[in-house]
Structure formats: C-alpha cells, structure tokens
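The sequence shown maps to residues -20 to -1, 1 to 583 in mature numbering (1 follows the signal peptide of the UniProt record, and there is no 0).
One structure below.
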Amino acid sequence: MKTIYLITFILIIFTNIVYSNWIPRKETDENTNICDRLDEYINSPYSNEEFLNYSDVKVCYESTPYNKTKAIQVIETVKEYLKGFYALLDQAKEEQNPGFASRPIDLISELDLVLKNNYSYEFQFIYDVVDLIKELRDGHTRLESDNYHKYNFQHGLSMYSAIRKDGTQQIKVFNDIKDPRNIDCQVIDIDDKPAIDVITEFAKNHTNLSRDLSARFNSALATLAFGVREFYIAGQLFTSRTQLPKNPSISYTLNCDGKISKITREWQVPIKYVPYESPYINGTTVGNATLIFDAFIARFYVLQDFGVVLISTEAILNDDDSDIENFEYRLLSNIAVGFKLFADKGIEKIVFDLSNNPGGQVIVAHYINKLLFPDIQNFPLSFKVNNISIPLIKETSKLKKEIGNIFHYKSFISVKTNSPFDSVIDFIGNNTYIRGGEQVNYTSKAFFNDTALYYGVLKLPIPPKLPWTEKDIIILTNGLCQSSCAIFTQRLAEINVPTIAVGGFPNTRFSFAQYAVGQAMDSSNINDILNQLKNLDSSLVSKLSLPSNLTLYFTIAEAYSIKNPNEVMDYAFRPADYQLYYDERSARDPSHLWMQAAKYFKK
C-alpha cells in the first residue's frame, strides 16, 4: 500500500488575472441558490468571469444557519477519531518545549466547550473547530470542509522577509500582479499596524505548519519551493487563505524608494486556479548552477566545486496503477543514478536544499537515508491501542492482501527482535506510557517494513557504494521540511550531518524540520477500511461517520528518536546548527543561499 501523506500545502499561483468588479449575470435565475450559482461559474467552461467577489462568497456561507444538533454530531465524531487514532492526543496536554510557540491543549475538553458558543451560521462553528485543532500546531492534523475551504482568497500581492546588512528585518513585496512597480517596496504597515507585528501575530495564531514560530513565520510569507521539475511560489498563507477573511479588504502602507503610499486590496477568489501552471523558475536554470541530472523528483546541480541536490518527496501520481511498483522503482533508481554521477565527477561536498518540502513518499526518505548511510536504521513508530484501534488491527491482519496497510502487523519489523512480528498480539503488545497525566497504551515499537509496500511487490534498487560521510553533507531548509522530508533530515542530523535554517527572525535559532512521523491518515481512509472489514461491530462504524463534506486528518503514529529512544520526535525541539537569511537576491535565486551554505563545510 502506498504510504499516505496527507499534509496539503496551499500554493500561490500568480497568473495574469485582471482585477475588476464582478457583476452576477442577469440571465441567472433569481431563485437559484447563491452557492450553486458560484459553483456554476467556477465549473462552467463557458464562464467569462475571472474571480468571485468576497461579498458573494460571504452571502453563500451565511445561507446555512447553525444547527446545534448537527454540531453535536460533528464534535462527538471528531472526538471518537482523536481518542481512537490520534497518536499525540495525550502528549498535547503537556507543557511544550520552550523552543516551541504552542500551548498545552486538552483537545477533547476544549471541543466540548465549543458547543457552549452561540453561532448564527454553520461556517462560524466549523471555523472555530478548525482553529482549535490548528492550535495543536501539527501539520498532519486538521479538519477541512468541502463547503467552507473550497475557495482560495487572494488579492494579488505577496511578501517576503529580508534582513538588511545592519541586521534589521523588513517585510518587502515579493510580487504584485496588479502593480509590478511595488515589487521590492518595503511594507511598513498592514491595516495601520507595523507589518512585522501583523505577520508575526498571524503566524503565531493562524498557522499550523510547525510548533516553531520562526518556521510558521516563514510559511506566512512567500518563498520558493521545488516541485516536479520546477520552482513555484509556496507559503504565503497571509495573502492566500482558504478561510473567509474577517474583512473584505486589507490595506498596505508602502515605502518605495522613499515615496510613501497606501494601497487597499479586496479579497477575491480566482476562478482559474491550476497548480504548477505558472512556475516561477524552470528548474533547469538556477543562477550559475549547472544541472547535470534530472531525476524527475530530484535535481542534481554542480555549483563551483560542490554539488546541490533538490528533492521533492511529494506523492507522484502514476497514470498506470497496475505498474506502480515499476514506476516507484524507476524514481528511486534515478535518484541513485544522480548520486553516482556526483561520485564519478569527484564531487566531494553536497548541499541538500529541502526548503518548503511538504513531505509525501516515505519510501523516498528511507531509500535516500540507506543510500547515503547503509548502516543506519530509520525512526521506529508506534500506534495507539484502545477499543477503537484494536478491532481494525486484528481484522486487517487477517487479510493477507492487506500487507502494507498500517493496520496489518506484517507491515512492520519489531524493534526488539529486528525481524517481522510473530503475531498480531505480539504487535499490539502491552506497552503503557504516561502522557499528559494519563496512562495510554501503544503498539510495540516497530520499523516500517519497506519491502511490504505495494503489497510486497516493490523491490528496492540496489544502491551504489557512495564516498561521502556526515562531514561532506549539509542540509539547508527554511524550517518547512515536513513529514517524510523530516524523516530524512532529522535522521541524518542524529548522525551529525550539519543543518542550516534560512529565514525566521534575526539571531533566533529555529527548527530545520517538522513531524518526522511519516504516518498520517484521514477519516475517509478509515471509512474505506471499515467498509472492507465485514466483521466489525456496527456501533464502531457509526461512531466514525463524519458528514461527507468534512474530512479529519491526523497523525496516526508517533516516531521515536534513535539517539534518545524515549523521545517523541514530534515534540523534540531540534534547532538548526546555523542560520541564514533571505535578501533581495536570495529570496528569488536560491543559488545565492547554496553559496552561503557551502561556506559552512569548512566549519
């Protein structure tokens, strides 16, 4: 079974949208529900509209009144999922590491408190539940609504953080598709408040991609990410939102070469929204770096006398699912070819740039770790054990065809014996921990059995022998290296591979990676499994039935450090060894960062 990665990342697509007032077409039936009308405009191939107005979307959202009976059902079902599967539920109640900017949260109790609020509209209730879960600052764990997260609100301006030579920090315009003359102007105020303070407050209270505030600050602004063969503009959560903004517009006070001006931008929803359609940089040319091999999900460059590797661990779709094992084999083989080319060319040092890597394929992370360092083992995992999860584990483990499923004991290798588990009872074990003042049970610690992926048919490519040690590699990220990316980087950091974090706040060391778990799921996946298992108690199925327009995503396994076996990786504060900053050049050309990173080889 392909390991599921469920962390979604909001992309900023800068297309040539013409911003003008939209007036609903007169021929539309006045009795048509406004939400249906908006969907019609978006889905119609004949629509001439280029965006939806904030006010129309707001009216749509306000067309559904709050129903407390439905709200109670949602809360109770979400609680059942979290109690049954969310691996970090109890540890979230504990005081956080001082390096993190997140509070202890008793999520089950606080979900009950939401029901005490008086709401007028359904979307207000949904947003409160969404925001409460977001306070976990766990990028794997969130609630999404098809009804109230379907639109992407933008206004055409994006920003980045630049550090001046005197060490002061500024917010500057990265791009403005409405008025390109504003590019690189300093953003002094946002809605008449200091821009730095506004962005920091937004990152602190309205983002969830890290427990580290510096990384969340980076996610609120525009930075470049490497996707499938291209760089695109990622992050920018401040000006690209999936929740209805509280106000219809936002104002910016700009300093453009000493000229102060104030602009106001309305929130609008672009209709034509196609990810990857408008890459910011074609990955074949990055500054003075020379591309020597394109491995599809990885690129290998030479810059001066060192190598640079970009890797996208995102899930790659294959058109022919029947040939998935050969497709994955080719991806991994190509990565091995790239490293072998480096070795053959005599490249002695390598910079890994994994900024804005949202995770995806765990097998990619595992394979690269073994490719570079054949003797290391990946992080062990364990899952919650209780009256909800045990039936799924036992029933799934009866089906040989489900080997590779995370509820099948043969998908794992025992940490204790370093061999497959003898039985499902052996996998479930009897392992009790104290978390958040509660006794909780988890499965026996286990390594994921990579050969069990794709129902045991995937044969991993034989890795070539490579010459590098931990002293020859440097990892560079902007803190937003998540899930499978964190499995790769945090595991190498445990064998003393140096790490560099770029961005954040001046002279504030921060995390280079987040969520080294690699095992996340969602409510629809659980429902698919429930539908396949015919011997489950029907009451269990009914407890886990969310409304079809809601999806709950959650971390289903906690990972443990190899160096400190009792340390849960999700709550381990791992600041980078060094820090770099963006400026007007490096924000748009990552090769400048690669050059700065290479200087740390000597250290």
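Where a beta carbon is used, it is the ideal one built from N, C-alpha and C, also for glycine.
Remember, predicted model here, so these are calculated numbers, not experimental data.
Cβ-based burial, residue 586 [other Cβ within 10 Å; buried from 16]: A question about residue 586 goes unanswered here, because the residues of the chain that appear run from -20 up to 583.
Can you check which of these residues, L573, A142, F103, Q149, is closest to H129 by C-alpha distance? F103
Could you tell me the alpha carbon to alpha carbon distance between F407 and A72, rounded to whole angstroms? 25 Å
Restricting to Cα atoms, I'd like to know which of R196, D171, K152 is closest to F492. R196
Report yes if the C-beta distance between Y107 and Q248 is below 8 Å; otherwise report no. no
DSSP three-state call for C165: helix, strand or coil? coil
Measure the alpha-carbon distance for L361 versus G384 and round it to whole angstroms. 15 Å
For the beta strand (DSSP E) holding K239, just list the boundary residues, first then last. 239 to 246
Contacting residues, own chain, Cβ-Cβ under 8 Å from L516 (five flanking each side not counted): P371, L372, E375, L510
Of all the options S313, D177, S464, which has the alpha carbon lying nearest to the alpha carbon of Q341? S464
Please report the residue range of the beta strand (DSSP E) in which C15 lies. It is not in any beta strand (DSSP E) - C15 instead sits in the alpha helix (DSSP H) that spans 14 to 23.
N- and C-terminal bounds of the beta strand (DSSP E) containing residue 584: In the structure as shown, the chain begins at -20 and stops at 583. Residue 584 is therefore absent and cannot be evaluated.
Please classify A567 as buried or exposed, where buried requires at least 16 other C-beta atoms within 10 Å of its C-beta. buried
Might you give, ordered along the chain, the residues of its own chain that have their beta carbon closer than 8 Å to the beta carbon of A278, omitting 5 neighbours on each side? V289, L290, I291, S292, N314, I315, G318
Could you check if S403 is buried or exposed, using at least 16 other CB atoms within 10 Å of its CB as the buried criterion? exposed
Going by beta-carbon coordinates alone, are S82 and R191 separated by less than 8 Å? yes
What's the C-alpha gap between F359 and I163? 44 Å
Can we say the region 212 to 230 touches the region 341 to 351, given the rule of at least three CB pairs closer than 8 Å? no
For V39, name the three-state secondary structure that DSSP assigns. helix
Residue from I251, M139, F322 whose Cα sits closest to the Cα of E564: M139
How far does the beta strand (DSSP E) with T535 in it extend, from its first residue to its last? 530 to 535
Could you name each continuous alpha helix (DSSP H) segment of 4 residues or more that falls completely within the region 156 to 240, going from the start of the chain to the end? 175 to 186, 193 to 200
Taking the alpha-carbon positions, what's the I455 to L573 distance? 12 Å
L456 (DSSP reduced to helix, strand or coil): strand
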